[in-house]
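For reference, the structure is listed below as structure tokens.
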Amino acid sequence: MTTIPVSWYLIVSALLFTIGTIGVLVRRNPLIIFMSIELMLNAVNLAFVTLSSYLDSADGQIFVFIVLTVAAAEVVVGLAIIVSIFRTRRNIDVDEMNLLRG
Amino acid sequence: MATGFKVADLYLLSPELSLTLLALVVMAVDLFVKRRAVTAAVALVGLLVPAFFTISLILTNTGSARHAFFNMLVVDNYALFFKVVFLLIAAVMILSSYSYVSKYVRGAGEFYTLLLFSTTGMMLMASTGELISLYISLELTSFPLYVMAGLLRTDQRSAEAAVKYVLLGAMSSAILLYGLALLYGLTGTTDLLSIAGTFAKGLQDGNLLVIVADILILAGFGFKISAVPFHMWAPDIYEGAPTPATAFFSVGSKAAGFAGLLRIFFYGGLNLRDLPQLVVVVAIMAILTMTLGNVVAAVQSNVKRMMAYSSIAQAGYLLVGFCASLATGRPEGNAAVLFFILVYVLTNLGAFAGIIALANATGGEQIEDFRGLARREPLVSLGTALCLLSLAGIPPVAGFWSKVFLFSAAWSQGVEMNQPWLQWLVIIALLNSVVSLVYYGRIVKAMYFDAPPKEDRLSTPLGLSSSIVLATAALLVLIVVAQVVLNWALPAASMLFASAQGVLMALGH
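Chains as they are written, first to last, in the working numbering: chain A, 123 to 224; chain B, 14 to 522.
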């Protein structure tokens with residue numbers, strides 16, 4: 123059985139991260155933007171797990187646990203804020219958020 | 014260096030532990046006590062406990078770093094300096110936000126709880142010795158800030174600011190994390206001192222990846238300190254958020270960002286390599302940040318937006334000091350950065366307290382609303398004007414000294430280490446200071462030389478006026494004791510280098 127080289131995993135991780143970044147930049151719905159951020163974080167997690175197994179050190183896997191936990195907390199805060207903006211204006215499209223000129 | 018868990022180590026964590034407890038107590042008090050003054054008083058008086066522990070840590074400080082929890086926590090001069098700065102921020106913030114928060118914000122107790130949690134994160138950020146604790150403290154700092162931006166629940170602008178802040182903040186920490194992942198992959202460890210050791214020995218390969226990791230980390234922190242090109246969130250969020258929260262973002266997020274940035278770049282030994290590309294990137298970032306911040310601030314009519322761009326410009330000056338230390342490997346630039354941060358924090362808090370007071374009294378945040386305020390509210394106007402002049406760097410206020418120290422440190426290091434481009438950086442910074450006079454001066458002129466629309470006297474709540482008086486008094490005292498504080502900041506900054514050099518010596522270089 124041949125094993126998949128480490129660099130392949132890292133390339134997949136870099137691709138995922140890029141797709142996530144593009145998603146954040148081009149999507150207009152905050153929920154989709156949040157999903158894209160999750161994709162970026164999962165790309166990071168993939169990189170950590172790969173490197174952890176390659177380097178034979180557990181630190182990377184601990185980091186993944188922490189990232190997962192913090193990301194969950196981040197989503198809680200983010201969704202609460204999105205709900206609160208929906209209550210004030212019945213619409214969550216970021217293009218419509220133009221009270222503050224960027 | 015501590016290797017295991019000892020109960021005695023909890024003493025090193027005591028300021029943060031007591032601050033977390035205080036935040037929980039404030040939340041409980043807010044539930045059971047109806048009167049808002051009680052909540053604010055508990056928060057303010059309770060700050061004495063972490064302050065006591067911090068002072069005790071300072072008194073028992075021998076000058077060498079103390080480590081705990083497998084090096085996750087480092088208590089050294091640098092960390093203690095920032096702990097004092099963050100406690101100052103929390104105290105002045107509670108004092109100056111009381112009247113605004115009890116008037117406009119529905120969950121007043123939540124505001125103080127979030128403020129204290131965020132301060133805990135900032136204090137941890139200054140004394141982190143490890144990538145995992147760095148990330149956690151960064152997020153502990155940021156999450157409460159997102160919520161604080163949206164605390165005006167019925168105001169559409171506040172909700173919009175919160176959404177923008179949470180999306181951009183989450184994205185920036187993802188970028189930072191990718192940089193940390195690369196750093197971990199290159200060095201095989203998450204311990205900052207071991208990372209420094211690996212870089213000191215010299216990497217065999219992967220130098221391109223190091224640059225990528227550096228840039229990603231720089232970008233992640235660039236969001237927190239609102240450096241160009243990662244600044245676009247700042248003006249929108251500063252304008253939409255409740256004004257006291259804006260004051261907190263402008264000083265807390267920036268000081269914490271710089272605390273983490275210096276910690277990872279110098280204590281983590283990222284500066285131990287030959288890194289011309291990175292220095293060029295930082296220098297360009299500094300120039301863009303200063304110039305864009307100052308030029309755009311000059312054309313603003315809303316005072317809060319103007320202060321947002323002004324705080325971007327100040328981040329640019331700070332980057333000059335960071336860049337000087339990065340290029341020359343000498344601590345003077347960073348020492349000047351620490352002093353500059355202390356003065357900036359006091360000045361900006363004072364200026365914001367003044368803006369809250371005057372905007373509350375006149376009901377407007379445009380510059381024309383500030384016309385003739387010196388006659389209607391002389392004391393607050395004087396304090397605000399002094400703080401604004403200090404931001405511009407005009408003598409005799411402390412802002413003058415912080416700029417002198419920062420620019421002369423960069424200049425003399427440029428001369429000594431034969432890096433003439435550092436002098437050009439300082440010249441650009443000086444030209445920018447001249448531009449900044451235009452907009453700070455415009456508010457001062459409006460307050461002192463324009464005719465007021467009405468002649469009545471305005472009154473300012475006690476908390477606000479006392480925090481302005483405190484901030485201004487501290488600035489005036491800092492003129493006299495500037496050298497003393499700098500003598501404290503220099504070992505603090507050297508500490509970061511000393512640890513990295515200790516690693517070098519241990520390796521026999």
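Built from N, CA and C at the ideal position, the CB exists for glycine as well.
Note that the coordinates shown come from a computational prediction; the quantities given were computed from them, not determined experimentally.
Leu-190/B: first and last residue of the uninterrupted alpha helix (DSSP H) it sits in: On the second sequence, position 177 is the one that residue 190/B refers to. First-last of the alpha helix (DSSP H) with Leu-190/B: 169 to 200.
Could you spell out where the beta strand (DSSP E) holding Ala-81/B opens and where it closes? Reading the second sequence from its first residue, position 68 is the one you call residue 81/B. Segment 79 to 81, the beta strand (DSSP E) holding Ala-81/B.
Starting from the Cα of Gly-427/B, find the closest Cα among Arg-470/B, Ser-338/B, Ser-155/B and give me that residue.
Indexing the second sequence from 1 puts residue 427/B at position 414. Nearest of Arg-470/B, Ser-338/B, Ser-155/B to Gly-427/B, Cα basis: Ser-338/B.
- Can you give the beta carbon distance from Ala-240/B to Ala-328/B, rounded, assuming they're within the 8 angstroms contact cut? By one-based count along the second sequence, residue 240/B stands at place 227. By one-based count along the second sequence, residue 328/B stands at place 315. Yes, Ala-240/B and Ala-328/B are in contact; Cβ-Cβ is about 5 angstroms, under 8 angstroms.
- For Leu-128/B, the nearest candidate out of Ala-36/B, Val-58/B, Leu-351/B, Val-316/B (CA to CA): The count along the second sequence starts at 1 and reaches residue 128/B at position 115. Taking only the C-alpha atoms, the option nearest Leu-128/B is Ala-36/B.
Consult DSSP for Gln-379/B and reduce its assignment to one of helix, strand or coil.
Indexing the second sequence from 1 puts residue 379/B at position 366. Correct three-state label for Gln-379/B: strand.
Next item on the list: For Ala-328/B, verify whether its CB is less than 7 angstroms away from any heavy atom of the ligand GDP.
Entry: Within the structure as shown, the ligand GDP is missing, as the structure has no ligands at all.
May I ask you to list the residues that DSSP assigns as paired with Thr-67/B?
The count along the second sequence starts at 1 and reaches residue 67/B at position 54. Thr-67/B pairs with nothing; no bridge assigned.
- Query: Beta-carbon separation of Leu-147/B and Gly-134/B under 8 angstroms?
  - Reply: Along the second sequence, read from residue 1 onward, the residue named residue 147/B stands at position 134. Along the second sequence, read from residue 1 onward, the residue named residue 134/B stands at position 121. Contact: no.
Check: So is Lys-214/B buried or exposed if we call it buried at 16+ other beta carbons inside 10 Å?
Finding: Counting from one through the second sequence, the residue named residue 214/B turns up at place 201. Exposed, by the Cβ-count rule.
query: Where does the unbroken alpha helix (DSSP H) through Val-134/A begin, and where does it stop?
result: Residue numbering aside, residue 134/A sits at position 12 when the first sequence is read from its first letter. Note, Val-134/A: alpha helix (DSSP H), 128 to 148.
| message | For the stretch 404 to 422 of chain B against the stretch 348 to 368 of chain B, do three or more pairs of beta-carbon atoms, one drawn from each stretch, fall closer than 8 angstroms, so that the two count as touching? | response | Taking 8 angstroms as the limit for Cβ pairs, the verdict is that the stretch 348 to 368 of chain B does touch the stretch 404 to 422 of chain B.
| task | Look up Val-88/B in the DSSP assignment and say whether it is helix, strand or coil. | result | If you number the second sequence from 1, residue 88/B lands on position 75. Here Val-88/B sits in strand by DSSP.
Round the Cβ separation of Ala-174/B and Ala-162/B to the nearest angstrom and send it over; I've been treating them as touching at under 8 angstroms. Walking along the second sequence from the start, residue 174/B turns up at place 161. Walking along the second sequence from the start, residue 162/B turns up at place 149. Rounded to whole angstroms, the Cβ separation of Ala-174/B and Ala-162/B is 5 angstroms, and the two are in contact under 8 angstroms.
(request) State yes or no: is the beta carbon of Leu-137/A nearer than 8 angstroms to at least one beta carbon in chain B? (result) Residue numbering aside, residue 137/A sits at position 15 when the first sequence is read from its first letter. With a threshold of 8 angstroms between beta carbons, Leu-137/A makes no contact with chain B.
Requested in this report: Name the residue from Ser-207/B, Phe-462/B, Ala-423/B whose alpha carbon lies nearest to the alpha carbon of Glu-381/B.
Outcome: Locating residue 381/B in the second sequence gives position 368, where the first residue counts as 1. Comparing Cα-Cα distances from Glu-381/B to each of Ser-207/B, Phe-462/B, Ala-423/B, the minimum goes to Phe-462/B.
Counting only beta-carbon separations shorter than 8 angstroms, does Pro-152/A have a partner in chain B? Reading the first sequence from its first residue, position 30 is the one you call residue 152/A. Yes, Pro-152/A lies at the interface with chain B (some Cβ there is under 8 angstroms from its Cβ).
Check: So, helix, strand or coil for Glu-143/B, using DSSP?
Finding: Here residue 143/B is taken as the residue at index 130 of the second sequence, counted from 1. DSSP places Glu-143/B in strand when its eight states are reduced to three.
Integer-rounded CB distance, given that Val-333/B should sit under 8 angstroms from Gly-367/B:
For the purposes of this step, residue 367/B is taken as the residue at position 354 of the second sequence. For the purposes of this step, residue 333/B is taken as the residue at position 320 of the second sequence. At roughly 27 angstroms, the Cβ-Cβ gap does not stay under 8 angstroms, so Gly-367/B and Val-333/B are not in contact.
- Item | Through-space distance from Pro-257/B to Ile-106/B, alpha-carbon basis | Here the question's residue 106/B lines up with position 93 in the second sequence. Here the question's residue 257/B lines up with position 244 in the second sequence. The sequence as given places Met at residue 106/B; Ile does not occur at that position. Going from the Cα of Met-106/B to the Cα of Pro-257/B covers about 7 angstroms.
Based on the DSSP output, what are the partners of Asp-469/B in its beta bridges?
Locating residue 469/B in the second sequence gives position 456, counting from the first residue. Asp-469/B is not bridged to any residue.
- Does the pairing of the stretch 438 to 458 of chain B with the stretch 67 to 75 of chain B give three or more beta-carbon distances under 8 angstroms? no
Exercise for review: For the alpha helix (DSSP H) holding Pro-289/B, just list the boundary residues, first then last.
Suggested key: Against the second sequence, residue 289/B aligns to sequence position 276. That run of the alpha helix (DSSP H) goes 289 to 310.
Round the Cβ separation of Ala-165/A and Phe-185/A to the nearest angstrom and send it over; I've been treating them as touching at under 8 angstroms.
-> Locating residue 165/A in the first sequence gives position 43, counting from the first residue. Locating residue 185/A in the first sequence gives position 63, counting from the first residue. That belief does not hold up - the Cβ atoms of Ala-165/A and Phe-185/A are roughly 14 angstroms apart, past 8 angstroms.
- request: Taking Ser-179/A as the query, report the chain B residues whose CB atoms sit under 8 angstroms from its CB, ordered along the chain.
  value: Taking the first sequence and counting its residues from 1, the one referred to as residue 179/A is at position 57. Gly-201, Thr-202, listed in chain order.
Exercise for the section: Could you have a look at Asn-445/B and say whether DSSP puts it in helix, strand or coil? Expected result: For the purposes of this step, residue 445/B is identified with residue 432 of the second sequence, where counting begins at 1. Correct three-state label for Asn-445/B: helix.
Based on DSSP bridge pairs, tell me the residues matched to Asn-347/B. Translated into the one-based positions of the second sequence, residue 347/B becomes position 334. Bridge partners of Asn-347/B: none, in fact.
Closer than 8 angstroms is the cut-off here; do at least three beta carbon pairs connect the stretch 187 to 196 of chain B with the stretch 219 to 235 of chain B? yes
Relative to the C-alpha of Val-457/B, which residue among Ala-348/B, Ile-407/B, Lys-237/B, Val-38/B is closest? Along the second sequence, one-based indexing puts residue 457/B at 444. In terms of CA proximity to Val-457/B, Ile-407/B leads the group Ala-348/B, Ile-407/B, Lys-237/B, Val-38/B.
TODO: Spell out whether any CB of chain A is found under 8 angstroms from the CB atom of Phe-278/B.
DONE: Within the second sequence, residue 278/B is the residue found at index 265, counting from 1. Phe-278/B does not count as touching chain A.
Handout entry: Element boundaries [alpha helix (DSSP H), containing Gly-281/B]
Key = Taking the second sequence and counting its residues from 1, the one referred to as residue 281/B is at position 268. Per DSSP, Gly-281/B is not a residue of any alpha helix (DSSP H), being assigned neither H nor E.
Express the C-alpha separation of Tyr-176/A and His-522/B in angstroms, rounding to a whole number.
Counting from one through the second sequence, the residue named residue 522/B turns up at place 509. Counting from one through the first sequence, the residue named residue 176/A turns up at place 54. Below a pLDDT of 50, predicted positions are generally treated as unreliable, and His-522/B, at 46, falls in that range; the measurement from the model is reported next regardless. Near 29 angstroms, if we compare the C-alpha coordinates of Tyr-176/A and His-522/B.
- Task: Could you tell me how far apart the beta carbons of Ala-169/A and Ser-135/A are, in whole angstroms, since I believe they sit closer than 8 angstroms?
- Result: Taking the first residue of the first sequence as position 1, residue 169/A is located at position 47. Taking the first residue of the first sequence as position 1, residue 135/A is located at position 13. The Cβ separation is near 4 angstroms, so the contact holds.
- For Asp-463/B, which of helix, strand or coil comes out of DSSP? Along the second sequence, one-based indexing puts residue 463/B at 450. Note: Asp-463/B maps to coil in three-state DSSP.
Item to complete: Express the C-alpha separation of Ala-194/B and Ser-174/A in angstroms, rounding to a whole number.
Response: Against the first sequence, residue 174/A aligns to sequence position 52. Against the second sequence, residue 194/B aligns to sequence position 181. Roughly 10 angstroms between the two C-alpha positions.
Requested in this report: Could you name the residues of the same chain whose beta carbon sits closer than 8 angstroms to that of Thr-290/B, not counting the 5 residues immediately before and after it, in chain order?
Outcome: For this step, residue 290/B is matched to residue 277 along the second sequence. Reading the sequence as shown, one finds Gln at residue 290/B and not Thr. Only Ile-224 meet the Cβ criterion.
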